[in-house]
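Below is one structure, written out as structure tokens; comments come after it.
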Amino acid sequence: MAKKIIKHSWAEPYKIKMVEPIKVTDKPYRQKAAKEAGYNTFLLKSEDVYIDLLTDSGTNAMSDYQWAGLMMGDEAYAGSKNFYHLWDNVKKYYGMPYFVPTHQGRAAEHMISKIMIKPGDFIPGNMYFTTTRVHQELAGGTFVDVIIDEAHDAQSKHPFKGNIDPNKLEALINKVGAKKIPYVCIAGPVNMAGGQPFSMANLKEIATLAKKHGIKLWFDGTRATENAYFIQQKEKGYEKKTVAQILIEICSYFDGMWVSAKKDLLVNIGGFIATRNKRVFDEARNMVVIYEGLHSYGGLAGRDMEAMARGIEEMVKPENISMRVKQVEYCGKELESYGIPLVKPYGGHAIFLDAKLFLPHLKQDLFPAQSLAAEIYEDSGVRGMERGLVSSGRDPKTGENRYPKLELVRLTFPRRVYTQSHIDVMVESIAEVFDKRKKIKGLKMVYEPKYLRFFQARFVKL
Ligand code: F0G
């Protein structure tokens, strides 16, 4: 019988103009490299990696339009024209009137936390993100997770696992009082939950609840375009709206936002604060000169701001955002065809392997996700990242390990970098590790830094 035609709808909407060779290594080489890196994929040399799925942050391929923009950099100390181009596009695509550039997302988180949080405050949010929470804690706040329970269940198929549970939020407001809550922190999609989006209906409900108590909403809009795409694909009433229209509607419920431009904006560096709150804007614009640089460059070169301005225009293009998410979906389906346990639904930026189900014979203290990431690297040179006990860190008050329900390995997709054949190679390797999973014995942590330990911790094999 003739083969049935399959619509290959997500094929890359670009062609390759320049290539970056990657080194091919053998297993003994990688075993040595993994050992030297203390079995922490963050400590590997990039040149020893074959397919780098560590992160989608700053690892994107820029378009010829963006590269051309680099040549248009106005490197004036003050008032660069690229700053004004970027500000115009932030207004146009996010709908926020005020804007402060920063060198990356955590610099924006640092300033917003310092401006908004007083010691003793509580910040409810839809699951933590590592850098966001550490800045909230350093400002004297306590993060409180108010995400729906389904988000902590890797196998729940809830379509909007990034939603906030209004009952959990209300319970916190009743317990500590609205005055102790400077803002509700909403990220979308939720990175640590597996790249899971919130729905517009939930956002509206939370906005109404917060307004009733006089509490503002702040948005981690780092991957907001992906959240807008999921709303378009999954939520009734949004099928006919464009991603750009949905993005503007999402932002309309927030007092302000911070963004790591290293993701959605298709660049290698950058971040910003955008807000409709003039007081916060004035304070951020004043603070940025202490930590980052003048308010018209915020730690960036003029050319970086031009690449960001152009990246904003490209990120909402239907062919770009749909190909991005469909590439992740393709990988998820292929892995599942081998019976490999994953977080479901598939995320926007990454596939998350469920290390608890992958390695059920390992207790969480033996760092199943860290071990799995190291094994995959040794097998094929594919680099993923632990998102489990190591990332979760210790409670700053008790010093005890925070045991997360989710013990995951994240395989994150840089935008426009890898092709379908790279994904096929990666899937085959993970399937091979899955076959041999019983031989994996776990790791012991032998060095633990104080902050964000996952970046630099070292391990030995058991
Ligand atoms: N918020 C979210 C949701 C993020 O994913 C990140 C970074 C940040 C804030 C901080 O931004 O890196 O520019 O300072 N996430 C990267 C990742 C590191 O791999 O997920 P940054």
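Mind the numbering: the sequence shown is residues 8 to 469 in the working numbering, read in order. All C-beta atoms in this analysis are idealised placements derived from N, C-alpha and C, irrespective of residue type, glycine included. Keep in mind the model is a prediction, meaning the values are calculated, not measured.
Under a Cβ-count criterion, where at least 16 other Cβ atoms within 10 Å of its own Cβ denotes burial, should residue i be classed as buried or exposed?
| i | result |
| --- | --- |
| Lys182 | exposed |
| Val250 | buried |
| Gln162 | exposed |
| Tyr425 | buried |
| Asn174 | exposed |
| Phe150 | buried |
| Ser259 | exposed |
| Tyr72 | exposed |
| Leu40 | Before going further, note that residue 40 is Ala rather than Leu in the sequence given. Classification of Ala40: buried, given that the 10 Å Cβ count is 16 or more. |
| His110 | buried |
| Tyr304 | buried |
| Pro108 | buried |
| Gly86 | exposed |
| Asp33 | exposed |
| Val31 | exposed |
| Pro196 | buried |
| Ser53 | exposed |
| Asp431 | exposed |
Can you check which of these residues, the options, is closest to residue i by C-alpha distance?
| i | options | result |
| --- | --- | --- |
| Met452 | Asn408, Gln427, Ile437 | Asn408 |
| Ser378 | Ala146, Lys468, Leu176 | Lys468 |
| Ala214 | Leu176, Leu272, Ile122 | Leu176 |
| Asn198 | Lys443, His356, Glu82 | His356 |
| Phe261 | Ala268, Gln203, Lys211 | Lys211 |
| Phe466 | Lys22, Lys24, Val26, Leu51 | Leu51 |
| Leu366 | Leu342, Met392, Glu385, Asp442 | Asp442 |
| Lys1 | Arg230, Ile130, Thr282, Ser70 | With the chain running from 8 to 469 in the structure shown, residue 1 is simply not present. |
| Ile276 | Ala114, Tyr91, Thr48 | Ala114 |
| Pro20 | Asp59, Phe167, Ala68, Lys34 | Ala68 |
| Pro166 | Trp225, His142, Pro108, Gln240 | Gln240 |
| Glu385 | Ile12, Ile23, Glu27, Tyr57 | Tyr57 |
| Phe461 | Gly449, Ile430, Arg401, Glu435 | Arg401 |
| Ala281 | Glu43, Asn96, Thr138 | Asn96 |
| Glu393 | His92, Thr405, Ile383, Ala376 | Ala376 |
| Val416 | Leu373, Met8, Val350 | Val350 |
| Val274 | Lys34, Ser53, Glu54, Ser70 | Ser70 |
| Ala83 | Ile29, His302, Gly184 | His302 |
| Gly148 | Thr138, Ile155, Thr137, Asp128 | Asp128 |
| Pro131 | Lys125, Ala75, Leu179 | Leu179 |
| His117 | Val141, Tyr135, Trp94, Lys98 | Val141 |
| Asp172 | Ala208, Gly221, Lys121 | Ala208 |
| Thr138 | Asp152, Ser398, Gln252, Gly202 | Ser398 |
| Gln203 | Ala185, Asn133, Leu272, Lys223 | Asn133 |
| Leu369 | Ala185, Leu396, Lys247 | Leu396 |
| Ile29 | Tyr410, Pro456, Val296, Val389 | Val389 |
| Ala308 | Gly76, Leu342, Gly201, Asp55 | Gly76 |
Hey, how far is the Cα of residue i from the Cα of residue j?
| i | j | result |
| --- | --- | --- |
| Ile119 | Lys10 | 56 Å |
| Leu216 | Met433 | 44 Å |
| Leu145 | Tyr345 | 43 Å |
| Gly354 | Tyr337 | 11 Å |
| Gln38 | Ala381 | 9 Å |
| Pro352 | Gly228 | 20 Å |
| Arg292 | Phe359 | 37 Å |
| Gly300 | Gly306 | 5 Å |
| Gly278 | Lys187 | 28 Å |
| Ala464 | Gly45 | 8 Å |
| Tyr36 | Lys412 | 34 Å |
| Ile437 | Val335 | 15 Å |
| Glu242 | Ser206 | 7 Å |
| Glu321 | Phe90 | 18 Å |
| Leu364 | Val191 | 33 Å |
| Met78 | Lys88 | 13 Å |
| Trp265 | Met123 | 13 Å |
| Lys168 | Glu157 | 6 Å |
| Phe226 | Arg331 | 22 Å |
| His429 | Val26 | 14 Å |
| Phe106 | Gly263 | 10 Å |
| His220 | Pro189 | 11 Å |
| Gly112 | Gly406 | 27 Å |
| Ile447 | Ile347 | 16 Å |
| Val440 | Ser387 | 10 Å |
| Lys445 | Phe49 | 25 Å |
Taking 7 Å as the CB-CB limit, is residue i close to chain C?
| i | result |
| --- | --- |
| Asp95 | Although the question refers to chain C, the structure presented lacks it and comprises just one protein chain. |
message = Considering only heavy atoms of ligand 1 and the C-beta of each residue, which residues fall inside 6 Å, strictly closer?
response = Chain-ordered list of matching residues: Thr62, Ser64, Gln111, Gly112, Arg113, Phe136, Thr138, Thr139, Ala194, Asn198, Asp227, Thr229, Ser267, Lys269, Gly278.
message = I'd like to know if the region 52-65 and the region 415-423 are in contact, where contact means that at least 3 CB-CB pairs between them fall below 8 Å.
response = yes
request  = Kindly confirm or deny that the region 312-323 and the region 285-301 touch, where touching means at least three C-beta pairs closer than 8 Å.
outcome  = No: the two stretches stay apart, fewer than three of their Cβ pairs being nearer than 8 Å.
query = Hey, is the region 99-114 in contact with the region 154-161, meaning 3+ C-beta pairs nearer than 8 Å?
reply = Counting Cβ pairs under 8 Å, fewer than three are found: no touch.
task = Please determine if the region 220-239 and the region 316-333 are in contact, where contact requires at least 3 C-beta pairs separated by less than 8 Å.
result = yes
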